[in-house]
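Visitor: Numbered as in full-length UniProt numbering, the sequence shown ends at 427 without a single skipped number.
Right, I'll just put the structure down here and ask away after.
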Amino acid sequence: MDRAAFACSTAFFRDYSSASHGAVSLPQGHVDYIEKVESFSYSDFFRDYLIPNHPCVFSAKFTEGWGSRRNWVTRDGKPNFDYLLQHFGKAVVPVANCDVKEYNSNPKEQIPLKEYISYWKEYIKKNYHSPRGCLYLKDWHLYRAFPEQDVYTTPIYFTSDWLNEYWDAKGLDDYRFVYMGPKGSWTPFHADVFRSYSWSANICGKKKWLLYPPRQEEYLRDRHGNLPFDVTAPGLQDSSVYPRYAQSCPPVEIIQEAGEIVFIPSGWHHQVYNLEDTISINHNWVNGCNVAIMWSFLQDELAAVQREISEWRDTMEDWHLQCQVIMKSCTGINYKEFYNFLKVIAENRISVLNHVLDEEASAKNTHRAATSALGMLHAVFDLKRAVQVLTSLNANEDFKKLNPKSLSPPPEALLHHLKAAIDTALL
């Protein structure tokens, strides 16, 4: 991060929130196309896309050195089934049926990759028809299962990644995925986990993206407040069911070719189609630019849980704690873990600022090495954002009911430590 980007971030994020949480307008749905690697810096991306929360597309030049683009694709641009079978055939993978709707999503099953590829080959032979339906391999944690494989290198633009930094430290999960699907497979309308950013790289094939800026989804709700499963369904034009649909703007449409990377901003709802047999790699990630959006989303999630069990508020012992348990079950995180999430990230940034990251530590901790590579100013920016969101969390009435003084360290002590580290770094 250069000084100009740091100054821009300081001016934009004057408190824990930001204008990026609101509606975003793009000129006639235009999405920038980033052509050249050598002329586009991290600070350019930070200033022009992360902070304003705008989508963009990176050309295939940004992925041309990846092992997956060499090995997973045949000379004619199709999935290299033989290579995938040889290296990953025994892996068990999650597969969704695109032809079935279940609780506003597609039902999933776990099957061996070799079985899925056998299905896929047969599906192609039968002109993309099967009694099993259209099956789509989704959310496969390949990076976690096969870390030794030469698959890809995360572009520097996406390396300030608090989400995977935290979950890698816990050793329990990650938010890096591989998707593989035949022509016609698709993902229903949704926004990403924790309202995170995502980037998606096509290894082969072609996708169509339909993107809606934040708050546009409110016009797509039915009269019961539910979001649509498919935003292209003719039923949305029935004003008796979708009373505000006529007020919605047309989606931003992106056609993504092989090798290209699409950046999906925080809180943008989207629907995605595979126009050809397609393999893609996707990360969800959070950083200092959108952590306040994540925090706002978590507050909304807790409020929804509280509404659902409000009738037991006065009779259930530890009602507030039960709300946190349910929230974690449904959302994947609760307030105490969010506190720990911010603490881990902040402590890692202090390590960078204290120059304790020697070469051996860099080799063992890729996230800290990546943060160090982004520079001291980025570490300071991250700390400042962590302080702003921690301050808001500590003032939250629901958080106060969780006995935060029992946390280690207590929020006040952690905030004092972080503010001192920022002051020292800026001397």
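All C-beta atoms in this analysis are idealised placements derived from N, C-alpha and C, irrespective of residue type, glycine included.
To which residues of the same chain is C8 closer than 6 Å at the C-beta, ignoring the five residues directly before and after it?
Guide: R47, listed in sequence order.
Visitor: If the criterion is Cβ atoms closer than 8 Å, does the pair L390 and P411 meet it?
Guide: yes
Visitor: Who are the near neighbours of K123 in its chain, counting only those whose CB is closer than 6 Å to its CB and skipping five residues on each side?
Guide: The residue you asked about is not Lys; residue 123 is Tyr in the sequence shown. Answer for Y123: S130 and P182, listed in chain order.
Visitor: Quick one: what's got a C-beta closer than 6 Å to D173's C-beta in the same chain, skipping five residues either side?
Guide: W167
Visitor: What are the uninterrupted segments assigned as beta strand (DSSP E) that are 3 or more residues long and contained completely in the UniProt domain "JmjC" (143–302), given in chain order?
Guide: 176–181, 186–190, 197–204, 207–212, 252–256, 261–264, 269–274 and 278–285
Visitor: By how many angstroms is the C-alpha of W186 removed from the C-alpha of L393?
Guide: 37 Å
Visitor: Can you round the beta-carbon distance between N274 and K207 to whole angstroms, since I take them to be within the 8 Å contact cut?
Guide: With 8 Å as the limit, N274 and K207 qualify as a contact, their Cβ atoms being about 6 Å apart.
Visitor: Cβ atoms of K125 and A96: under 8 Å apart, would you say?
Guide: no
Visitor: Rounded to whole angstroms, what is the Cα-Cα separation between E317 and N340?
Guide: N340 has its alpha-carbon roughly 25 Å from the corresponding atom of E317.
Visitor: Smallest Cα separation from T366: which of F229, C56, T159 and Y116?
Guide: T159
Visitor: What are the residues that DSSP puts in a beta bridge with C56?
Guide: D32 and F263
Visitor: Measure the C-alpha to C-alpha separation of R176 and L407 and round it to an integer number of angstroms.
Guide: 30 Å
Visitor: Return the CA-CA distance between Q237 and A246, expressed in angstroms with no decimal places.
Guide: 7 Å
Visitor: By DSSP, does W66 sit in helix, in strand, or in coil?
Guide: coil
Visitor: Using the Cα positions of L426 and G259, report the straight-line distance between them to the nearest angstrom.
Guide: Straight-line spacing of the CA atoms in L426 and G259 works out to 41 Å.
Visitor: Leaving out the 5 sequence neighbours to the left and right, which residues in its chain are closer than 6 Å to S20 when beta-carbon positions are compared?
Guide: In this prediction, S20 has a pLDDT of 46, which is less than 50 and means its spatial position is unreliable; nothing more can be read from the coordinates.
Visitor: Please work out which residues of its chain come closer than 7 Å, Cβ to Cβ, to L50, disregarding the five sequence neighbours upstream and downstream, and give them in chain order.
Guide: Here L50 has C289 as same chain residues with Cβ atoms under 7 Å from its own Cβ, once five neighbours each way along the sequence are excluded.
Visitor: May I ask you to report which of helix, strand or coil DSSP gives D82?
Guide: helix
Visitor: Going straight from the alpha carbon of A421 to that of D44, what length do you get?
Guide: Cα-Cα distance, rounded: 27 Å.
Visitor: Using only CA atoms, which one of T424, K36, R14 and C56 lies nearest to Q256?
Guide: Relative to Q256, the option among T424, K36, R14 and C56 whose CA is nearest is C56.
Visitor: Going by CA-CA distance only, name the one from L142, P409 and I326 that's closest to H87.
Guide: L142
Visitor: In the structure shown, what three-state DSSP assignment does I333 receive?
Guide: Reduced to three states, the DSSP call for I333 is coil.
Visitor: Taking Cβ to Cβ, would you say S266 is nearer than 8 Å to A201?
Guide: no
Visitor: With a threshold of 16 other CB atoms inside 10 Å of the CB of W66, please say whether the residue is buried or exposed.
Guide: buried
Visitor: Considering only residues of the same chain and omitting the five flanking positions on each side of K328, which have a CB-CB separation below 6 Å?
Guide: N334
Visitor: Can you tell me whether L357 is helix, strand or coil according to DSSP?
Guide: With a pLDDT of only 46 at L357, under 50, the local geometry of the prediction cannot be trusted, and the value read off the model is given with reservation. Note: L357 maps to coil in three-state DSSP.
Visitor: Could you check how far apart the C-beta atoms of L418 and V380 are, in whole angstroms? I think they sit under 8 Å.
Guide: Contact flag wrong, Cβ pair sits at about 11 Å.
Visitor: Following the continuous beta strand (DSSP E) through V93, name the residue where it begins and the one where it ends.
Guide: From DSSP, the beta strand (DSSP E) with V93 extends over V92 to N97.
Visitor: Give me whichever residues DSSP pairs with W140 in a beta bridge.
Guide: W140 pairs with V178.
Visitor: Given a cut-off of 8 Å, decide if F229 and N80 are closer than it, judged by their beta-carbon atoms.
Guide: no
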